[in-house]
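The next block holds one structure in the form of structure tokens; read it before the comments.
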Amino acid sequence: LYLVTPLAILVWWTYQIRDAYVSSSRQSLFPVLPRPSEGSLDIQIIGLLFLFAVYSDLYIIQTRPEYELKILGSTLPGTWGIVAKAQSPIMHGLIAVGLIRLKRWGLLVYSVYAAWGIVNALVNLAVLPGPHRIRIIFIVSLAVFTAYLWWRRKGLTA
190 LYLVTPLAIL VWWTYQIRDA YVSSSRQSLF PVLPRPSEGS LDIQIIGLLF
240 LFAVYSDLYI IQTRPEYELK ILGSTLPGTW GIVAKAQSPI MHGLIAVGLI
290 RLKRWGLLVY SVYAAWGIVN ALVNLAVLPG PHRIRIIFIV SLAVFTAYLW
340 WRRKGLTA
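And the structure:
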């Protein structure tokens, strides 16, 4: 499952791109995605990265059920801890769908995710013991992706 799913997505994505660029009609054989020739393929690729993040989140949750997600320097026990871990693949999935479909609400969901992620990572950085390499990389990557998506926001539709 963990090998077949990404390969199937990669093949499907390749057909999407090929169809979009070789088709002479305005309609795609695969109408799931807007035509990338409109100049927004980069945004869709970022959405695909978030789709892989969903896959990664689910894998981590399955293989390490004892892991406790750090939220503002603390962890939530029991059912609330499970709910806290579940928000990650859900948010990544919403962002992926919004960006792949080139919808403005995808940028809104991403902006909320980025703001929360930066605040949470900064609090964890201040409160939790080091090393903090992953948190720092997360903060920097969120800032870079947010700036890029904000700059490319005109490629999104309503």
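Residue 347 is where the sequence shown ends in my numbering, and the numbering goes up by one at each step.
Using N, Cα and C, we set each Cβ at its ideal position, and we do this for glycine too.
Note that the structure is predicted; figures quoted are calculated from it, not measured.
- [ ] Ignore the nearest five residues each way along the sequence and tell me which others in Ile-260's own chain have a CB closer than 7 Å to its CB.
- [x] Sequence index remark: in the sequence shown, residue 260 carries index 71 (1-based). Cβ-Cβ distances below 7 Å link Ile-260 to Ala-273 and Asn-309 in the same chain, with the five nearest sequence neighbours on each side left out; the list follows chain order.
Open item on the list: So, at 7 Å on beta carbons, what are the nonlocal neighbours of Gly-262 in its own chain, with the 5 sequence-adjacent residues on each side left out?
Closed with: Taking the sequence shown and counting its residues from 1, the one referred to as residue 262 is at position 73. Excluding positions up to five away in sequence, the list reads Val-312, Asn-313, Val-316 and Leu-317.
Task: Paired residues, beta bridge with Ile-326 - DSSP - done: For this step, residue 326 is matched to residue 137 along the sequence shown. Beta-bridge analysis with DSSP links Ile-326 to no other residue.
- [ ] Taking Gly-344 as the reference, give the member of Ser-229, Trp-201, Trp-202 and Ala-197 with the closest Cα.
- [x] Translated into positions along the sequence shown, residue 344 becomes position 155. Closest option to Gly-344, judged by alpha-carbon separation, among Ser-229, Trp-201, Trp-202 and Ala-197: Ser-229.
Task: Pair within 7 Å by beta-carbon distance, Tyr-299 and Ile-279 - done: On the sequence shown, residue 299 is found 110 positions in, with the first residue counted as 1. On the sequence shown, residue 279 is found 90 positions in, with the first residue counted as 1. Contact flag unset, no.
TODO: Report the residue from Ala-275, Val-329 and Leu-238 whose alpha carbon sits nearest the alpha carbon of Pro-168.
DONE: Residue 168 is absent from the model: the chain starts at 190 and stops at 347.
Open item on the list: Could you give the first and the last residue of the continuous alpha helix (DSSP H) run that contains Tyr-244?
Closed with: Looking up residue 244 in the sequence shown gives position 55. Looking at the DSSP string, the run of the alpha helix (DSSP H) that includes Tyr-244 is 230-252.
Task: Rounded Cβ spacing between Leu-240 and Ile-271 (contact assumed at less than 8 Å) - done: Counting from one through the sequence shown, the residue named residue 240 turns up at place 51. Counting from one through the sequence shown, the residue named residue 271 turns up at place 82. About 22 Å; that fails the 8 Å criterion.
- [ ] Select from Gly-267, Leu-288 and Tyr-256 the residue whose C-alpha is nearest the C-alpha of Trp-339.
- [x] In the sequence shown, the residue the question calls residue 339 occupies position 150. It is Leu-288 whose Cα lies nearest to the Cα of Trp-339.
Open item on the list: Closest to Ser-277 by C-alpha separation, out of Ala-347, Leu-297 and Gly-306, would be which residue?
Closed with: Position 88 of the sequence shown, counted from the start, is the residue given in the question as residue 277. Looking at the Cα atoms, Gly-306 is the closest of the given residues.
- [ ] Would you mind reading off the limits of the alpha helix (DSSP H) that contains Ala-275?
- [x] As a first step, residue 275 is located in the sequence shown; it is residue number 86 there, counting from the start. Unbroken alpha helix (DSSP H) run through Ala-275: 267-289.
Open item on the list: Are the CB atoms of Leu-296 and Arg-342 within a distance shorter than 7 Å?
Closed with: Counting from 1 along the sequence shown, the entry for residue 342 is found at position 153. Counting from 1 along the sequence shown, the entry for residue 296 is found at position 107. The Cβ atoms of Arg-342 and Leu-296 sit closer than 7 Å to each other.
Open item on the list: With a threshold of 8 Å on Cβ separation, who are the neighbours of Ala-351 within its own chain once the five nearest residues in sequence on each side are excluded?
Closed with: Shown here, the chain extends from 190 to 347; a query on residue 351 therefore has no answer.
Task: For Tyr-337, the three-state DSSP class (helix, strand or coil) - done: What you label residue 337 is simply residue 148 of the sequence shown in a count that begins at 1. Looking at Tyr-337 - three-state DSSP - the assignment turns out to be helix.
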